[in-house]
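Here is the structure we will look at, set down as structure tokens.
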Amino acid sequence: MAAKKALIVGASRGLGLGLVTALSHDGWQVTATVRDPQRAEALKKLDNVQVEQLDIDNLQAINALHQRLSADVFDLVFINAGIKGPDDQTSGAANLAEIGQLFLTNSVAPVNVAQAFVGSIKKDNGVLAFMSSRLGSITNPNAPYLALYKASKAALNSLTNTFVTQLPEPRPTVLSIHPGVVKTDLTRGTGDIDVDTSIRGIVEQLYAYAGKGGHHYIDYKGQTIPW
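Counting from 1, one number per residue, gives the positions in the sequence shown under UniProt numbering.
Written as structure tokens, this is what we have:
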């Protein structure tokens, strides 16, 4: 049986690196993208991993990557890249450039990547996954100190919903995944779980949902999150 193929966007550290590591150990062939190739040393030590440079904020770079990978058909495209945004996220504290960067990177750019690569995903049991957050649920009033980050993830969820409804049939399974509150650079080492625990759960959901179809907003344990 041929090895499964994955494209992991945003893989130089944290959850992205953990996901590439787990899939590599499971025998997948993985294409992993990084913004800075000098931060790809850990990826280069893994088996069956091809490293590509990508700045997801750059639409031309996305299209160029798609051209380079035009012969590949993926079982999984996982868009993980994202940023926390400005330190002070109270209303009126952030400037236009900070807000624009946050929403471009967290909300718009991931859908741009999905638009480029959705046609490269296997039709029957392929999965398109976005790293979202439970904070993106508009029912969640928590973490006011991350107000803009929350809004960017809610915008990602909304844009993803719209994108999915416009896809022709057959559509891949689409997952918007909350990884848990993980101890990473993004959370400055605080959190409820470590990267390995989150990634084990995420990989379980990727296998469990393959072939199910539909768009699902879930956490790393497979629990549904209200939009």
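Glycine included, each C-beta is placed from N, C-alpha and C at the ideal position.
The model shown is predicted, which means the values in this text are computed figures rather than measured ones.
Open item on the list: Using 8 Å as the cut-off, can you tell me whether the stretch 11-25 makes contact with the stretch 66-73, which would need three or more C-beta pairs spanning the two stretches below that distance?
Closed with: no
- [ ] Could you tell me which uninterrupted beta strand (DSSP E) segments, each at least 3 residues in length, are contained entirely in the stretch 29-79, listed from first to last along the chain?
- [x] If we require 3 residues or more, the beta strand (DSSP E) runs fully inside the stretch 29-79 come out as 29-34, 49-53 and 76-79.
- [ ] With DSSP as the reference, please indicate the residues paired to L175 in a beta bridge.
- [x] A129 and H216
- [ ] Using the DSSP secondary-structure output, state which residues sit across from T162 in a beta bridge.
- [x] Note: T162 sits in no beta bridge, so no partner.
Open item on the list: Please state whether the Cβ-Cβ distance between P172 and V113 is less than 8 Å.
Closed with: The Cβ atoms of P172 and V113 lie no closer than 8 Å to each other.
Task: Proximity of D196 and G10 at Cβ, strictly below 8 Å - done: no
Task: Validate contact between the stretch 163-171 and the stretch 108-123 using beta carbons, cut 8 Å, 3 pairs - done: yes
TODO: Quick one: grab the DSSP three-state call for T21.
DONE: helix
- [ ] Pick out whichever of L43, I99 and Y207 has its Cα sitting closest to the Cα of D75.
- [x] In terms of Cα proximity to D75, the closest of L43, I99 and Y207 is Y207.
Open item on the list: Less than 6 Å between C-beta atoms, sequence neighbours within five positions excluded: which residues of the same chain meet that for R35?
Closed with: D55
TODO: Starting from A109, follow the alpha helix (DSSP H) in both directions and report where the run begins and ends.
DONE: A109 to F117
Open item on the list: Quick check on this structure: which residue in K4, A3, L15 and A61 has the alpha carbon closest to the alpha carbon of S198?
Closed with: Of K4, A3, L15 and A61, the residue nearest in Cα terms is L15.
Task: Endpoints, the beta strand (DSSP E) within which V9 is located - done: K5 to V9
Task: Beta-carbon proximity check, T105 vs F130, cutoff 8 Å - done: no
Open item on the list: Using the three-state DSSP reduction, which class does T197 fall into: helix, strand or coil?
Closed with: helix
Open item on the list: Does I202 come out as helix, strand or coil in the three-state DSSP assignment?
Closed with: helix
- [ ] Using the DSSP secondary-structure output, state which residues sit across from T224 in a beta bridge.
- [x] In the DSSP output, where bridge partners are listed per residue, T224 has I218.
- [ ] Helix, strand or coil for I121, going by three-state DSSP, please let me know.
- [x] strand
- [ ] Report yes if the C-beta of T90 is less than 7 Å from at least one heavy atom of the ligand COA; otherwise report no.
- [x] Ligands in the displayed structure: none, and consequently the ligand COA is not present.
- [ ] Kindly list the residues whose CB is nearer than 6 Å to the CB of D192, restricted to its own chain and excluding five residues on each side of it in sequence; keep chain order.
- [x] V181
Open item on the list: Less than 8 Å between the C-beta atoms of P37 and A81, yes or no?
Closed with: no
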